[in-house]
Amino acid sequence: MPYLRTHNLEKKFDGVHAVDHLSVTFEAGKITSIVGPNGSGKSTLINTLTGMIPVDGGAVIIADTTHLTKVVPHQVPLYGMTRTFQDVKLFEQMPVLDNVLVVLTERNIVSALFEKHGTYHLERAEEVLKRVGLWEKRNELAKNLSYGQRKLLEIARVLGMLHGAPGEIELIFFDEPFAGLFPEMVKTVISVMKELRDKGKAVVLVEHNMDIIRELSDHLYVLDAGKLLADGKPLEVLARKDVIEAYLGE
Ligand SMILES: Nc1ncnc2c1ncn2[C@@H]1O[C@H](COP(=O)(O)OP(=O)(O)OP(=O)(O)O)[C@@H](O)[C@H]1O
Ligand SMILES: [Mg+2]
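Under our numbering, the residue at position 55 of the sequence shown is numbered 55, and the numbers go up by one with no gaps.
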């Protein structure tokens, strides 16, 4: 079942057509990957769908019921969506543990007011930090983590959001989550994504590593200069001559 569809989505920056009449579908219980050369509009697509930059045209359809011609940032969690950032966004001056506790409590007004960090939240924080291998680092400030650990902490925060109220998170955008990770970390993130898919979430992955794309993707979109160049099963799409040419022989 499609969780989110776009219809002729458009975003222009001055002369650049960053997203050019894109119609894509992200299904529940599937990993949908987006690849394309640098500057082909992958991050811009996520930025428009999460309300960080305004859409210039087209529509966003959520769960086949909600039709939007603009996405407002504070509504994004209410629509069941969250994301990670290509350039990692954390609370730098806060410890690792607090970075997770914030997402566990900030969406639940009652517990934020009365319990703040109750046992439930601490247990969930421990669970997600252990999942990404960062529990030992819980008292470090985020800014003191290595690059790879910072990316893992962002993923722990996404996992924390799955436990937050009021709404269920149904769709997660991962913008280049594997860039700069050591092999052990890559394995962790791959298994997190498979687990999210198995839980029925719509997982959207932007990634340049084609081995990871082949392993994880149920469906693949290839963008080129903001336009859809190809889509379909990853092995078939990546064998296409025009796709290989767009990458200059990946
Ligand atoms: N905020 C912005 N203001 C102006 N131009 C932008 C902005 N964001 C993106 N662009 C331009 O839009 C185009 C698409 O950029 P985008 O970051 O979406 O590409 P990408 O596919 O994510 O690339 P990469 O693989 O390098 O991350 C590029 O030409 C980029 O310079
Ligand atoms: Mg990008």
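Yeah, the Cβ is synthetic: ideal placement off N, Cα and C, and Gly gets one too.
How many Å lie between residue i and residue j at the Cα?
i, j, result
"Phe182", "Gly200", "28 Å"
"Val76", "Leu238", "32 Å"
"Arg131", "Asn38", "31 Å"
"Ile62", "Val243", "29 Å"
"Ala230", "Asp198", "26 Å"
"Asn139", "Met81", "28 Å"
"Asp56", "Ala156", "33 Å"
"Leu223", "Gly36", "5 Å"
"Met52", "Met161", "19 Å"
"Glu154", "Lys241", "36 Å"
"Met210", "Phe178", "11 Å"
"Glu126", "Lys89", "20 Å"
Check whether the Cβ atoms of residue i and residue j sit closer than 7 Å, and answer yes or no.
i, j, result
"Leu159", "Val128", "yes"
"Gly58", "Glu10", "yes"
"Val203", "Met193", "yes"
"Ile34", "Val206", "yes"
"Gly226", "Gly180", "no"
"Val72", "Thr6", "no"
"Leu152", "His121", "no"
Nearest chain B C-beta to residue i closer than 7 Å, yes or no?
i, result
"Leu68", "Absent from the structure is chain B; it holds one protein chain and no more."
Just mark residue i as buried or exposed, buried being the case when its beta carbon has 16 or more other beta carbons within 10 Å.
i, result
"Phe174", "buried"
"Ser146", "exposed"
"Asp87", "exposed"
"Arg214", "exposed"
"Ser78", "The identity of residue 78 in the sequence shown is Leu, whereas the question assumes Ser. Leu78 comes out exposed."
"Gly15", "exposed"
"Glu170", "buried"
*asked:* Using only Cβ atoms and a threshold of 6 Å, which residues come within that distance of a heavy atom of ligand 1? Order them by chain position.
replied: Counting every residue whose Cβ lies closer than 6 Å to a heavy atom of ligand 1, we get Phe13, Val16, Ala18, Gly36, Asn38, Gly39, Ser40, Gly41, Lys42, Ser43, Thr44, Gln86.
_Which runs of the alpha helix (DSSP H) at least 4 residues long sit entirely within the stretch 25-113? Give them in chain order._
Whole alpha helix (DSSP H) segments, 4+ residues: 42-49, 96-106.
*Within the stretch 139-212, note down every full beta strand (DSSP E) run reaching 3 residues or more, in order along the chain.*
Assignment of beta strand (DSSP E) within the stretch 139-212, counting only whole runs of 3 or more residues, yields 171-175, 202-206 in chain order.
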